[in-house]
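A.B. asks:
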């Protein structure tokens with residue numbers, strides 16, 4: 061778990077993140093929060109154990125009180141995953157009640173889980189019986205309610221906590237981006253006619269994991285006609301000469317921090333006129349919208365000021381114009397004006413947020429799409445771009 065070559069004081073980052081959670085709990089007058097989501101547990105205590113498996117098997121959880129000791133409930137009570145962490149005060153055996161492990165004894169195990177958690181909460185509780193939970197089977201909520209608890213949304217607590225990054229977090233994110241961009245360069249060197257999309261993606265995967273990255277949230281890489289419409293994951297299709305190749309990294313990198321950037325290239329040939337045309341539009345979108353970012357700007361104002369999409373790109377527009385990022389995709393989601401009434405919500409950009417600026421030029425009925433994305437830090441007077449892998453300015 062510990063890294064001797066970390067680009068910052070890891071314990072300082074850990075204490076900052078725990079403090080942010082407790083401030084978010086106090087603002088909501090909550091006694092504490094139960095965390096099952098493995099991104100949230102990572103943020104809270106920086107301990108990992110089979111993250112992807114534990115994300116779909118509810119066997120590992122953390123209780124963070126507004127005041128008092130933090131408990132990690134580990135499968136089998138193992139301690140080696142949290143040795144030396146200042147954010148963990150006690151490790152206890154977890155009581156899983158998912159059907160896979162409990163079977164017909166699920167109700168019995170859920171009652172035991174709730175009784176055990178109730179005893180822990182009472183030790184540091186402010187007595188208001190208000191707790192948050194981020195992710196749990198319905199039977200768990202019912203059992204806690206039987207103990208007299210009011211249950212609140214844990215993701216609201218955690219998204220607010222994760223919103224503002226410390227200087228240490230930014231240092232870790234810069235490292236994750238550097239790792240990812242080195243692997244992107246290796247992937248580009250491997251791109252040649254005949255390589256499959258899966259094989260090309262494997263070069264990115266290998267390069268990142270070899271440098272300490274942890275996992276990818278998606279496998280978004282496609283080529284030629286598979287780029288339109290956008291959002292297909294990589295396949296066994298052999299990439300042909302002259303194909304547009306687009307990808308979105310969605311990398312959970314070293315120390316758990318995300319690098320989420322997109323690039324589009326042409327395989328083995330100069331771009332044709334149509335590829336240049338749609339690339340130029342995506343490039344203009346990302347440069348224009350990035351320049352809008354500054355603290356104090358409301359989400360609604362930002363939506364209203366976005367570069368208008370060309371008519372041919374509106375139908376197949378991307379789901380968001382921008383989104384927050386930290387350990388993974390985070391609050392907020394900035395919508396296009398066409399989606400504001402149905403999906404938009406307001407808020408304010410703040411110094412210390414990290415945002416991903418998206419651009420998709422995907423003509424309805426066209427052969428190909430161009431996907432671009434940059435990762436930026438909101439600063440005191442604007443934004444600083446964190447991602448640095450070059451765009452294809454020579455195509456413009």
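Residue numbers (the working numbering): 61 to 456.
Every residue, glycine too, gets a C-beta built ideally from N, C-alpha and C.
What runs of the beta strand (DSSP E), each 3 residues or longer, lie entirely inside the region 238 to 300?
C.D. replies: Taking only runs of at least 3 residues, the beta strand (DSSP E) segments lying wholly in the region 238 to 300 are 280 to 283.
A.B. asks: Less than 8 Å between C-beta atoms, sequence neighbours within five positions excluded: which residues of the same chain meet that for residue 74?
C.D. replies: Closer than 8 Å at the Cβ level, and outside the excluded window around residue 74, lie 105, 106, 145, 146 and 147.
A.B. asks: Using only the alpha-carbon positions, how far apart do residue 162 and residue 241 sit?
C.D. replies: About 44 Å.
A.B. asks: With DSSP collapsed to three states, give me the class of residue 419.
C.D. replies: Residue state, collapsed to three classes: strand.
A.B. asks: Roughly how many whole angstroms lie between the Cα atoms of residue 526 and residue 302?
C.D. replies: Outside the displayed span of the chain (61 to 456) sits residue 526, for which this structure offers no information.
A.B. asks: Is it right to say residue 543 is buried, meaning 16 or more other beta carbons lie within 10 angstroms of its own, or is it exposed?
C.D. replies: The question about residue 543 has no answer here: the residues shown for the chain are numbered 61 through 456.
A.B. asks: Only counting runs of 4 or more residues, tell me where the alpha helix (DSSP H) segments fall wholly within the region 391 to 442, in order along the chain.
C.D. replies: Those alpha helix (DSSP H) runs which fall completely within the region 391 to 442 and span 4+ residues are 400 to 403.
A.B. asks: Per the contact definition of three or more C-beta pairs closer than 8 Å, is the region 351 to 366 in contact with the region 435 to 453?
C.D. replies: The region 435 to 453 vs the region 351 to 366: in contact.
A.B. asks: Return the first residue and the last residue of the beta strand (DSSP E) that residue 185 is part of.
C.D. replies: Here residue 185 belongs to no beta strand (DSSP E), and DSSP marks it neither H nor E.
A.B. asks: Can the beta-carbon of residue 331 be found less than 9 Å from the beta-carbon of residue 373?
C.D. replies: Cβ distance not < 9 Å, so residue 331 and residue 373 don't count as in contact.
A.B. asks: Going by DSSP, which residues form a beta bridge with residue 308?
C.D. replies: Answer is 280 and 322, bridged to residue 308.
A.B. asks: For a test of the three-state rule: what should DSSP assign to residue 467, helix, strand or coil?
C.D. replies: Only positions 61 to 456 of the chain appear in the structure, and residue 467 is not among them; the question remains open.
A.B. asks: Would you tell me roughly how many angstroms separate the C-alpha atoms of residue 392 and residue 183, rounded to the nearest one?
C.D. replies: Computed Cα separation, rounded: 35 Å.
A.B. asks: Comparing C-alpha positions only, which one of 321, 413 and 438 sits nearest to residue 450?
C.D. replies: It is 321 whose Cα lies nearest to the Cα of residue 450.
A.B. asks: When you compare the CB positions of residue 239 and residue 314, do they come within less than 9 Å of one another, or not?
C.D. replies: For residue 239 and residue 314, yes; Cβs fall inside 9 Å.
A.B. asks: For the beta strand (DSSP E) holding residue 153, just list the boundary residues, first then last.
C.D. replies: Its beta strand (DSSP E) spans residues 150 to 153.
A.B. asks: If contact is defined by three or more beta carbon pairs under 8 Å, each pair taking one atom from either stretch, is the region 197 to 204 in contact with the region 173 to 180?
C.D. replies: Yes, the region 173 to 180 touches the region 197 to 204.
A.B. asks: When we look at the beta-carbon of residue 345 and count the other beta-carbons within 10 Å, is it buried (16 or more) or exposed?
C.D. replies: Counting Cβ neighbours within 10 Å, residue 345 comes out buried, since at least 16 surround it.
A.B. asks: Quick check on the DSSP output: the beta strand (DSSP E) that includes residue 66 runs from which residue to which?
C.D. replies: No beta strand (DSSP E) holds residue 66; DSSP gives it neither H nor E.
A.B. asks: Output the residue ranges of the beta strand (DSSP E) runs that lie fully inside the region 102 to 179 and measure 3 residues or longer, sorted by chain position.
C.D. replies: Taking only runs of at least 3 residues, the beta strand (DSSP E) segments lying wholly in the region 102 to 179 are 121 to 125, 131 to 134 and 150 to 153.
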